[in-house]
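Here the structure is laid out as structure tokens; the discussion comes afterwards.
Protein chains: 2
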Amino acid sequence: MNIPSKLIEDAVTEISRLPGIGKKTALRLALHLLKQNPAHAEALALSITTMRNEVQYCQTCHNISDGPICSICSNPKRDGSIICVVEDIQDVLAIENTNQFQGKYHILGGVISPLQGIGPEELHIESLVERVSKKNSDEPVKEIILALSATMEGDTTSFYLGKRLKEHNVKVSTIARGIPVGGELEYTDEVTLGRSIMTRVNYSTE
Amino acid sequence: MNIPSKLIEDAVTEISRLPGIGKKTALRLALHLLKQNPAHAEALALSITTMRNEVQYCQTCHNISDGPICSICSNPKRDGSIICVVEDIQDVLAIENTNQFQGKYHILGGVISPLQGIGPEELHIESLVERVSKKNSDEPVKEIILALSATMEGDTTSFYLGKRLKEHNVKVSTIARGIPVGGELEYTDEVTLGRSIMTRVNYSTE
């Protein structure tokens with residue numbers, strides 16, 4: 001593609017570095033910005049730099065935050081005795097959207113993946129163990145919910161965390177794996193179906 | 001979606017104003033930028049503002065340009081006696097990619113669309129007529145190729161331009177409409193097929 005303006009070509013190159021955006025889409029976005037009010041492009045650019053330079057990570061749970069402690073960790077209504085361990089920030093948003101969890105979070109920043117060279121020391125595991133081991137704090141941790149992906153890497157990480165947390169006398173649970181709500185048995189893969197039978201729960205009509 | 005950082009929320013709002021990008025994609029892009037080197041976000045923001053503030057439009061053909069005259073209009077190898085009239089900048093890039101056209105362009109900036117309140121005076125039609133009427137210039141215009149979309153608006157615009165250019169003693173042609181290369185007759189819609197029969201061209205094996 002031969003863009004007759006170096007300025008636009010530079011912008012297209014930068015925009016197309018974003019994941020899932022190719023040269024054609026980048027050009028469409030650049031030309032869209034050209035048609036808009038200059039204030040729009042200005043606001044977009046400013047919000048990107050401000051975000052990148054000023055966003056902080058919560059010192060407790062490693063979530064994104066505007067201050068040293070995030071809005072979930074500093075919320076007195078949230079139950080600090082239950083910590084849900086997730087892979088990254090999107091997972092927190094996904095769980096928050098369910099409105100089913102009132103505890104706090106801990107973000108690992110990834111999962112153990114020997115193939116990608118990610119070992120336990122690359123993740124926020126020590127700070128999790130530290131949170132759990134603080135027995136004389138106001139809110140001692142009673143339960144850790146492992147909410148990691150149902151992949152080999154996620155399972156490996158769950159297994160590692162389970163071992164690490166064993167000595168700390170804390171209940172460790174994992175989110176249920178089974179057939180999705182609305183899913184039909186017939187079309188569920190055998191591994192999922194097998195697991196859903198193995199990890200069956202008591203059914204009560206009361 | 002309840003993003004725990006105002007800074008990221010602002011960035012997501014701005015990014016999701018771009019066409020074809022929703023809140024979820026915008027969040028994914030914002031979190032991607034957070035994981036990258038700060039220089040990356042800086043370069044992206046700078047390229048957007050620089051582009052928006054410094055890009056110019058060619059005074060002759062209204063194409064995007066880094067100076068008052070674009071690289072196509074100022075290229076002495078291009079044939080200024082043939083002008084291809086297109087709707088917008090992307091169309092110029094599309095035709096340039098074919099390597100089939102060595103003339104110059106004229107960008108209307110849209111097509112006549114009464115429903116959207118776009119009349120002939122909103123488009124760069126006067127400057128086109130002016131280019132055509134300059135008979136004593138170095139390179140008098142001999143042919144105008146109308147390369148507008150095969151839609152009702154495009155056809156209306158072509159019709160209007162045909163009428164306006166009639167008195168200027170210039171050949172006016174339009175790009176061929178017919179079945180696409182690689183297209184099968186069976187699956188071509190009847191309007192296209194009908195047109196391709198009406199506007200059939202001489203077939204020569206020489």
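Order-wise, the sequence lines are chains R and F.
Residues 1 to 206 in the UniProt record's numbering are what the first sequence spells out, letter by letter.
Residues 1 to 206 in the UniProt record's numbering are what the second sequence spells out, letter by letter.
The beta-carbon is built from N, C-alpha and C at its ideal position, and this holds for glycine as well.
Note that the structure is predicted; figures quoted are calculated from it, not measured.
Please name the residue, chosen from the options, that lies closest to residue i on a Cα-to-Cα basis.
i	options	result
F/N75	R/N169, R/P4, R/G194	R/P4
residue 208 of chain R	R/P19, R/S196, R/L31	The structure shown has nothing for residue 208 of chain R, since chain R only spans 1 to 206.
R/M152	R/L115, R/R200, R/I64	R/L115
F/L148	F/P38, F/D91, F/I21	F/D91
R/E122	R/E87, R/T174, R/V181	R/E87
R/E167	R/E130, R/I175, R/R195	R/E130
R/I89	F/L27, F/D155, F/E139	F/L27
F/R52	R/L29, R/E190, R/C73	R/L29
R/K35	F/K35, F/T25, F/N63, F/P38	F/N63
F/V181	F/S196, F/N202, F/S113	F/S196
R/E143	R/I175, R/D155, R/L7	R/I175
F/T157	F/N202, F/P19, F/Y187, F/S113	F/S113
F/P19	R/T199, R/L18, R/T25	R/T25
Go through its chain and collect everything with a Cβ distance to residue i's Cβ below 6 angstroms, but skip five positions before and after it.
i	result
R/H106	C61, I83, V85, L128
R/N37	none
F/L33	A41
F/S137	none
Near residue i, what residues of its chain come up, given a Cβ to Cβ distance below 8 angstroms and the 5 sequence neighbours on each side ignored?
i	result
F/L185	I179, L193
F/K134	P140, V141
R/D155	L148
R/I21	I15, L29
F/V201	A176
R/G183	none
Report the CB separation of residue i from residue j in whole angstroms; it is logged as a contact under 8 angstroms.
i	j	result
R/L146	R/V170	Actually they do not touch by this definition, with Cβ atoms about 12 angstroms apart.
R/S81	R/V141	6 angstroms
F/Q56	F/S47	With 8 angstroms as the limit, F/Q56 and F/S47 do not qualify as a contact, their Cβ atoms being about 16 angstroms apart.
F/R78	F/G119	The pair is not a contact, with the Cβ atoms about 31 angstroms apart (cut-off 8 angstroms).
F/R164	F/I125	7 angstroms
R/T50	F/L7	6 angstroms
To which residues of the same chain is residue i closer than 7 angstroms at the C-beta, ignoring the five residues directly before and after it?
i	result
residue 218 of chain R	The shown model of chain R, from 1 to 206, leaves out residue 218 of chain R, and the question about it has no answer.
R/G162	V172
F/D189	none
R/A150	R177
F/F101	C84, I95
R/Y203	none
R/Y73	The question names Tyr, but residue 73 of chain R is Cys in the sequence shown. Result list for R/C73: C58, T60, C61, K104, in chain order.
F/N99	none
R/M198	none
So, is the C-beta of residue i closer than 9 angstroms to a C-beta in chain C?
i	result
F/H32	Note that chain C does not occur in the displayed structure, where the protein chains are R and F.
Which ranges would you report for the beta strand (DSSP E) in the stretch 111-191 of chain F if only whole runs of at least 3 residues count? 143-146, 171-174
Run through the stretch 33-93 of chain R for me and flag every whole beta strand (DSSP E) of 3 or more residues, listed as ranges in chain order. Given a length threshold of 3 residues, each whole run of the beta strand (DSSP E) inside the stretch 33-93 of chain R is given here in chain order: 79-86.
Could you say if the stretch 98-116 of chain R and the stretch 38-56 of chain F meet the contact criterion of at least three C-beta pairs nearer than 8 angstroms? no
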